[in-house]
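The structure under discussion appears below in the form of structure tokens.
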Amino acid sequence: MSTIAEIEVPATEFALWETFEAVPSAMFEPVKIVARDKSTAIPYVWALGADREGLEAAFEADGSVGSFELLEDLDGEFFYRMEWVYKIRALAQMLVEGESTILSARGRDGRWEFRLLFPTRDSLSATYDFCTASNFAVEVNNIYEMEGTRSGRFGLSTEQYEALVLALDRGYYDIPRRIDIEGIAEELGISHQAASERLRRGHKTFISNGLNWGRTAGDGVLSE
């Protein structure tokens, strides 16, 4: 079964670490990353939170940037085609040998966050072993199976998914509400407190694994 892993790596272990130091307010949202080989990646990246002059001066001085080209300037949001070199070996390993796909990525505050799809749990384990053997500082925040249901796309448990769908169908999110938490609890056959906690946890999981990542795969997000 396909497996999704959410990981973080410090920019010092990956790309744009000098840019983050020079422009700490900058945030980067790649919308596509292609591994050219095991030492070079070609990302298409949105850059936000800094002016163009400051960004490009930082790119010029950044040892992880082989080249860059501005493709779009949309009211202070800049879209670049870049070439990342040097410390991207682990990413290339994930894409080329681990058969993984980057579902979403974001760089901010000197760190990179990735949401990766692996074809099997074994391929994830092999990639993690590679990172460990290479002394690549990867922090795994979450791992869950890509189930054949809508709930599996966002890491929701079956109980959380059922509670959220019931709440939506019964009008819990309508204004005014057509059902309260007591009604949800009664239909689920659980206590008021359990229903409330299930909804809260479901909301947090859904947002963390979906909405917080901004652009989604439907917007052309990262692929091998």
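The numbering of the sequence shown is the UniProt record's numbering, which starts it at 1 and goes up by one. Virtual Cβ for every residue (Gly too), placed ideally from N, Cα, C.
Within this structure, are the beta carbons of residue i and residue j separated by less than 9 Å?
i: T3; j: S123; result: yes
i: G202; j: L164; result: yes
i: Y173; j: L166; result: no
i: S46; j: E77; result: Just to set this straight, residue 46 is Trp in the shown sequence, not Ser. For W46 and E77, yes; Cβs fall inside 9 Å.
i: L70; j: R52; result: yes
Taking the straight line between their C-alpha atoms, what separation do you get for residue i and residue j?
i: E56; j: I7; result: 27 Å
i: W84; j: S64; result: 6 Å
i: L48; j: M82; result: 15 Å
i: E18; j: D62; result: 5 Å
i: E145; j: L199; result: 21 Å
i: T127; j: A5; result: 11 Å
i: P176; j: D169; result: 14 Å
i: D129; j: V140; result: 12 Å
i: I42; j: A194; result: 47 Å
i: S25; j: A50; result: 6 Å
i: T158; j: R178; result: 24 Å
i: residue 240; j: I190; result: Beyond the ends of the chain as shown, which are 1 and 224, falls residue 240; an answer cannot be given.
i: C131; j: A15; result: 16 Å
i: G66; j: S134; result: 22 Å
Between which two residues does the alpha helix (DSSP H) containing residue i stretch?
i: F130; result: R121 to A133
i: A185; result: I181 to L188
i: D169; result: T158 to D169
i: A22; result: W17 to A22
Which residue marks the beginning of the beta strand (DSSP E) containing residue i, and which one marks its end?
i: E60; result: Premise fails: E60 lies in the alpha helix (DSSP H), R52 to A61, not in any beta strand (DSSP E).
i: Y172; result: Unbroken run through Y172: none, as it is neither H nor E.
i: residue 230; result: Because the chain in this structure spans residues 1 to 224, residue 230 falls outside the shown range and cannot be described.
i: V138; result: Taken as a continuous stretch (DSSP letters only), V138 belongs to no beta strand (DSSP E), as it is neither H nor E.
i: A11; result: Run containing A11: none; DSSP gives neither H nor E here.
i: R106; result: T101 to R108
If you drop the 5 nearest sequence neighbours on each side, which residues of the same chain put their C-beta closer than 6 Å to that of residue i?
i: F118; result: T3, S100 and L124
i: G110; result: A11 and F20
i: A58; result: T19, A22 and V23
i: I143; result: A5
i: I44; result: The residue asked about is misnamed: residue 44 is Tyr in this sequence, not Ile. These residues qualify, in order along the chain: V31, K32 and R81.
i: F68; result: F59, Y80 and M82
Skipping 5 residues on each side, what residues in its chain have a beta carbon closer than 7 Å to that of residue i?
i: A137; result: V9, P10 and E13
i: S196; result: I181
i: G54; result: V23
Only counting the same chain, and skipping five residues up and downstream in sequence, which positions put a Cβ closer than 8 Å to that of residue i?
i: H192; result: I181, E182 and A185
i: E162; result: L188
i: D75; result: none
i: M27; result: A47, L48, G49, R106, G107 and R108
Strictly by DSSP, which residues pair up with residue i?
i: D73; result: F78
i: R198; result: R198 is not bridged to any residue.
i: F28; result: A47 and G107
i: S191; result: Bridge partners of S191: none, in fact.
i: F206; result: Paired residues: none, contrary to the question.
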